[in-house]
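Asker: Counting from 1 along the sequence shown, just add 301 to a position and that's the residue number in the working numbering.
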Amino acid sequence: SIKLVGLDLSTPVFSHGQLYVALSRVTSSQKIKVLLPENTHGNKTVNVVYKEVLLDI
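(1) Buried or exposed: which applies to Leu305, given that a residue is buried once 16 or more other Cβ atoms fall within 10 Å of its Cβ?
(2) For a test of the three-state rule: what should DSSP assign to Val327, helix, strand or coil?
(3) What does a CB cutoff of less than 7 Å around Ala323 pick up in its chain, not counting 5 residues either side in sequence?
(4) Measure the C-alpha to C-alpha separation of Lys332 and Pro338 and round it to an integer number of angstroms.
(5) If you reduce the DSSP assignment to three classes, tell me which class Ala354 lands in.
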């Protein structure tokens with residue numbers, strides 16, 4: 302596990318599952334800092350999946 306995690310979600314750069322993995326590595330919610338876009342309405346982010354990359358496998 303990691304002691305401290307900071308995530309910048311101002312640009313959706315995470316692909317499938319990466320946000321979950323990043324957050325699950327921290328042992329306490331007090332040790333996570335998340336930067337959200339200024340126009341965020343609520344506590345959601347986009348889960349980006351590049352289908353064209355996955356289909357080439």
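We put the beta carbon where it would ideally sit given N, CA and C, even for glycine.
Answerer: Checking against the coordinates, here is how it stands:
(1) Exposed is the call here.
(2) Reduced to three states, the DSSP call for Val327 is strand.
(3) Val306 and Leu308.
(4) In a straight line, the C-alpha of Lys332 is about 20 Å away from that of Pro338.
(5) A small fix is needed here, since residue 354 is Val in this sequence, not Ala. Val354: helix per DSSP, three-state reduction.
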